[in-house]
Amino acid sequence: EKKSAERRIRLSARFFATPDGYALTLTDEDGVTATASIAAAHEPAQQAERALNTIREQLGKLGSTPFVAEKIHLDLADAPFLPASSLNALRRDAVERLEVARLKAHTRPPRAAPVEPPVPYPEDALSYLANVLNDKAREFYARHGVKLIESAYEENEVRDEVSLMITKHCLRYSFNLCPKEVKGIRPDPMTLVNGKETLTLRFDCKRCEMHVVGQLKPHVAKLQAQVAPQKVTFFPSLPGKMRPQTAGAGGK
């Protein structure tokens, strides 16, 4: 699988001795700086070059962070002996401090002033398909010049046939009856039958869309906003294996 591109923040690191131990200063490409320190004895390493390489290697491990070390400067008189665990803890502390410093240094840009007058909406009438279900949405469209705004389907104001589903999957195309693909063909009307319910299929060939059309059911229109809680039976295993546990709606 191809790895996606990553945005890394370049930084430089300076590792140096302090009277009580050692410190690490990180400076990112934006000039934000943070310093962390550890208490440690100034114990010279027996193999100086190997010790310096270990320090650089451990301080440069920034793989899971948003940073990448561009330069690591070791400001030391002698090569010290330090366990890798101490170097790792110092690096993590410095990175955390740098992330906090970056957040403090960030200035949020001013919010853009609203355009006056508001940009007109490209249509002056919206059907239930716009899904306007609350006053805030209605106010938004009205403010942008929409004059006729139908409520969303869930408001149960729609009584005539409506598009219950709009899909790019087209049965005409699947049955090789597409007027765009088969010249001169005039396909018969199509319906979907589900038990006693018949749904009409309408085709918007210009947009390559198939609409499944039906009517709002009477029992849906009369549905109350709140339904009385009902007991729900939960089965820890397959029914018949164990006695059921009964709880109120929302119970566990």
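Residue numbering for the sequence shown follows this note's numbering, starting at 508 and increasing by one per position. In this text, a Cβ means the ideal position worked out from N, Cα and C, and glycines have one as well.
Item	Value
Per DSSP, cross-strand counterpart(s) of glutamate 704	Asn701
Inside the segment 614-689 only - alpha helix (DSSP H) runs reaching at least 4 residues	642-650 and 678-681
Close-in-space but distant-in-sequence residues of the same chain around aspartate 582 (CB under 7 Å, 5 per side omitted)	Arg521, Phe522 and Phe523
Isoleucine 562 classed as buried or exposed, judged by whether at least 16 other C-beta atoms fall within 10 angstroms	buried
Coarse secondary structure for valine 575, derived from DSSP in three states	strand
Inter-residue spacing [alpha-carbon to alpha-carbon] between glutamate 688 and lysine 713	13 Å
Through-space distance from leucine 706 to valine 669, alpha-carbon basis	10 Å
Buried or exposed (CB count within 10 angstroms, at least 16 for buried), phenylalanine 574	buried
Three-state class that DSSP yields for isoleucine 516 in the structure shown	strand
Limits of the unbroken alpha helix (DSSP H) element including glutamate 606	591-612
Residue from Leu533, Arg515, Pro625 and Ala547 whose Cα sits closest to the Cα of arginine 604	Leu533
Minimum C-alpha distance to glycine 528 - residue among Ser593, Asn638 and Ala612	Ser593
C-alpha gap between leucine 559 and histidine 580, whole angstroms	11 Å
CA-to-CA distance, glycine 702 to arginine 618, given in whole angstroms	55 Å
In chain order, each beta strand (DSSP E) run of at least 3 residues that lies wholly inside the segment 532-575	540-546
Counterpart residues of aspartate 582 in DSSP-defined beta bridges	Phe523
Reduced DSSP secondary structure (H/G/I, E/B, other) of phenylalanine 710	strand
Local conformation of glycine 528 per DSSP, three classes	strand
Separation of tyrosine 635 from asparagine 481, as counted between CA atoms	Since the first and last residues shown for the chain are 508 and 759, residue 481 lies out of range.
Three-way DSSP call (helix, strand, coil) for proline 587 in this model	strand
Neighbour-count burial assignment, glutamate 513, 16 or more Cβ in a 10 Å radius	exposed
Where alanine 732 falls: helix, strand or coil (DSSP)	Residue placement at alanine 732 is poorly supported in this model, since its pLDDT is 42, which falls under 50; the coordinates still yield a value, given next. Here alanine 732 sits in coil by DSSP.
Best match in Met717, Gly691 and Leu589 for proximity to isoleucine 673 [C-alpha to C-alpha]	Met717
Alpha-carbon to alpha-carbon, cysteine 715 and glutamate 646	32 Å
Element boundaries [beta strand (DSSP E), containing glycine 691]	Note, glycine 691: premise wrong, no beta strand (DSSP E); not H, not E.
Straight-line gap, proline 624 to glutamate 536 (C-alpha atoms, nearest Å)	41 Å
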